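**Student:** In my numbering, the protein residues as written are 2 to 478.
C-beta atoms are modelled at their ideal positions from N, C-alpha and C, and glycine is treated no differently.
All of these numbers come straight from a predicted model, not from anything done at the bench.
Below you'll find the structure I mean.
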Ligand code: GLU
């Protein structure tokens with residue numbers, strides 16, 4: 002539970018912003034302009050369901066329009082409120098600036114328990130919410146482009162895209178009005194895994210910098226690291242699965258709504274996820290490992306890396322001092338409150354901040370939006386040309402070898418891999434990897450080169466705010 006003197010989520014984001022701008026040279030006017038949320042639209046609409054009219058409350062908040070369109074997900078949860086949506090919209094501004102996705106920041110939310118409604122009802126509710134936003138240009142390929150967030154996914158994005166297309170029948174760019182769509186509707190391969198994949202790439206990049214690893218008092222190398230993951234939704238699942246299967250990390254605990262599974266030998270992430278989908282999201286009864294009912298306590302387990310991938314405010318003033326992980330990767334938005342952040346910083350915990358760690362989602366959303374506007378799949382023009390060039394080289398090497406009697410033979414599996422042109426998924430992963438590396442480097446450069454910058458979060462804010470400020474200044478502000 003949050004301590005009573007804990008600031009709200011939006012206040013927490015503002016306090017972190019303030020901590021960074023104090024170290025910058027911005028005019029107070031510009032500082033205030035960047036900090037404030039430009040607008041929040043609240044809509045209450047009715048849908049006739051099960052024989053009566055149900056009223057729903059939704060929001061779309063636009064934090065900054067220094068670049069357009071503005072970008073950010075739409076969340077479905079009972080806990081959605083204006084403060085939360087505004088905090089998340091602000092984080093989108095900084096996140097996009099940090100990873101150089103050319104967007105302003107926005108976020109939406111609908112107060113709803115998505116599990117309380119069946120598919121057809123959810124479609125009616127989503128289409129109606131989308132209608133309300135579309136008619137005010139709060140969903141628009143050039144102005145405001147939503148994406149999935151907690152409680153929403155490809156299915157909801159498909160309904161939104163279709164609703165927009167119905168209301169703009171001649172807009173050739175209609176599908177660019179939303180990202181995270183299914184691939185058959187202009188969606189992007191690799192978008193579903195993107196946020197978790199981004200967490201993996203973030204950690205790989207962190208471990209490429211020995212000084213940073215030493216700051217977290219960790220031994221070199223990601224392999225063998227003991228990881229605790231909170232939340233096995235889209236982000237936590239992909240992060241945990243990729244880290245265990247591709248980087249040899251050991252997932253020693255998974256925390257979910259109804260408790261935690263703890264196994265020092267490492268959990269099988271796929272098996273846990275399968276169990277959850279067969280048991281209405283519950284971990285109860287998972288074979289072999291008993292479920293510890295106090296999930297929150299598992300955040301305090303001794304481990305190398307803690308990945309909160311559920312929701313905001315889970316590490317607060319009440320439990321921060323007991324967190325043992327020397328490295329925390331914020332896969333969720335805002336999982337550490339401002340108060341907790343101060344406690345953890347004093348204890349020397351290294352935090353890879355949300356605006357960087359979970360930026361993989363919006364990065365691949367950017368690729369999807371570009372693909373929708375260019376109306377062509379990435380790699381379609383180059384793939385076979387790339388293959389033909391590689392083939393030329395292989396054939397020439399083989400010819401030289403036989404002409405000169407050198408006896409060289411190229412291994413068949415090398416040849417297969419070398420001769421293959423990149424498909425869309427490979428290109429997306431390459432673009433994401435490059436983005437995560439570059440953004441980390443820009444953040445760590447500030448962290449490492451300035452004595453007054455003590456942590457990665459403050460560094461991330463400085464890089465992001467500086468870019469937003471430059472953009473406002475060139476607009477004449
Ligand atoms: N909801 C995701 C986030 O918080 C993705 C946003 C997007 O792709 O626009 O970053």
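Can you grab the Cα-Cα spacing for the pair residue 356 / residue 433, in whole Å?
**Tutor:** 15 Å
**Student:** For residue 307, which option in 265, 313 and 255 has the closest C-alpha, if you only look at C-alpha atoms?
**Tutor:** 255
**Student:** Measure the CB-CB distance between residue 545 and residue 267 and report whether it falls below 9 Å.
**Tutor:** With the chain covering only 2 through 478, there is no way to say anything about residue 545.
**Student:** Can you say whether residue 289 is buried or exposed, counting buried as having 16 or more other CB atoms within 10 angstroms of its CB?
**Tutor:** exposed
**Student:** Can you tell me whether residue 446 is buried or exposed? The criterion is at least 16 other CB atoms within 10 Å of its CB, across all chains shown.
**Tutor:** Exposed: under 16 other Cβ atoms inside 10 Å.
**Student:** Let me have the residue list for ligand 1: C-beta closer than 7 Å to any non-hydrogen atom, ordered along the chain.
**Tutor:** Going along the chain, the residues that qualify are 72, 73, 74, 89, 93, 96, 146, 147, 148, 149, 150, 180, 181, 196, 334, 359, 360, 362, 363 and 366.
**Student:** Given a cut-off of 9 Å, decide if residue 105 and residue 93 are closer than it, judged by their beta-carbon atoms.
**Tutor:** yes
**Student:** Does DSSP classify residue 30 as helix, strand or coil?
**Tutor:** helix
**Student:** At what residue ranges does the segment 214-251 contain a whole run of the beta strand (DSSP E), taking only runs of 3 or more?
**Tutor:** Counting whole runs of 3 or more residues, the segment 214-251 contains the beta strand (DSSP E) stretches 227-231.
**Student:** So the beta strand (DSSP E) residue 112 belongs to, where does it begin and stop?
**Tutor:** Residues 105-112.
**Student:** Entirely within the segment 387-446 and at least 4 residues each: give me those alpha helix (DSSP H) ranges in chain order.
**Tutor:** 413-420
**Student:** Less than 8 Å between the CB atoms is what I'm expecting for residue 216 and residue 351, so what's the real figure, rounded?
**Tutor:** The beta carbons of residue 216 and residue 351 sit about 6 Å from each other, so the pair counts as a contact at 8 Å.
**Student:** Assuming contact is defined by CB atoms lying nearer than 9 Å, are residue 362 and residue 192 in contact in what I supplied?
**Tutor:** yes
**Student:** Write down the C-beta distance between residue 299 and residue 261 rounded to the nearest angstrom, noting that I regard them as a contact closer than 8 Å.
**Tutor:** 4 Å
**Student:** Look at the Cβ atom of residue 424, then the Cβ atom of residue 380, and state whether they are nearer than 9 Å.
**Tutor:** yes
**Student:** Check for me: the alpha helix (DSSP H) holding residue 133 runs from which residue to which?
**Tutor:** 120-135
**Student:** Taking the alpha helix (DSSP H) that residue 290 belongs to, which residues open and close that run?
**Tutor:** Unbroken run through residue 290: none, as it is neither H nor E.
**Student:** For residue 28, count neighbouring Cβ atoms within 10 angstroms of its own Cβ and tell me buried if that reaches 16, exposed if not.
**Tutor:** exposed
**Student:** Ordered along the chain, which non-local residues of its own chain (more than five positions away) have a Cβ less than 6 Å from that of residue 468?
**Tutor:** 98
**Student:** Classify residue 476: buried if its beta carbon has 16 or more other beta carbons within 10 angstroms, exposed otherwise.
**Tutor:** exposed
**Student:** In its own chain, which residues sit with a C-beta less than 6 Å from the C-beta of residue 311, not counting the 5 before and 5 after it?
**Tutor:** 231, 232 and 333
**Student:** Residue 196 and residue 367 - do their beta-carbons sit closer together than 9 Å?
**Tutor:** no
**Student:** Rounded to a whole number of angstroms, what is the C-alpha to C-alpha distance between residue 189 and residue 182?
**Tutor:** 7 Å
**Student:** From what residue to what residue does the beta strand (DSSP E) around residue 313 run?
**Tutor:** Where residue 313 is concerned, there is no enclosing beta strand (DSSP E), given that its DSSP letter is neither H nor E.
**Student:** Tell me the rounded alpha-carbon separation between residue 1 and residue 175.
**Tutor:** Residue 1 lies beyond the stretch modelled for the chain, which goes from 2 to 478, so this question has no answer here.
**Student:** Whose C-alpha, out of 285, 422 and 440, is nearest the C-alpha of residue 199?
**Tutor:** 440
**Student:** Quick one: using the 10 Å Cβ neighbour count with 16 as the cut-off for buried, is residue 65 buried or exposed?
**Tutor:** buried
**Student:** Taking a contact to mean a Cβ-Cβ separation below 9 Å, would you say residue 443 touches residue 464 in this structure?
**Tutor:** yes
**Student:** Taking the straight line between their C-alpha atoms, what separation do you get for residue 221 and residue 144?
**Tutor:** 44 Å
**Student:** Can you tell me the Cβ-Cβ gap for residue 411 and residue 391, rounded? I've got them flagged as a contact below 8 Å.
**Tutor:** The Cβ separation is near 11 Å, so there is no contact.
**Student:** Put residue 384 into one of helix, strand or coil per three-state DSSP.
**Tutor:** helix
**Student:** Can you give me the C-alpha to C-alpha distance between residue 265 and residue 252, rounded to a whole angstrom?
**Tutor:** 8 Å
**Student:** Measure the alpha-carbon distance for residue 426 versus residue 369 and round it to whole angstroms.
**Tutor:** Taking the CA atoms as reference points, residue 426 sits about 12 Å from residue 369.
**Student:** Distance, Cα to Cα, residue 89 vs residue 41?
**Tutor:** 12 Å
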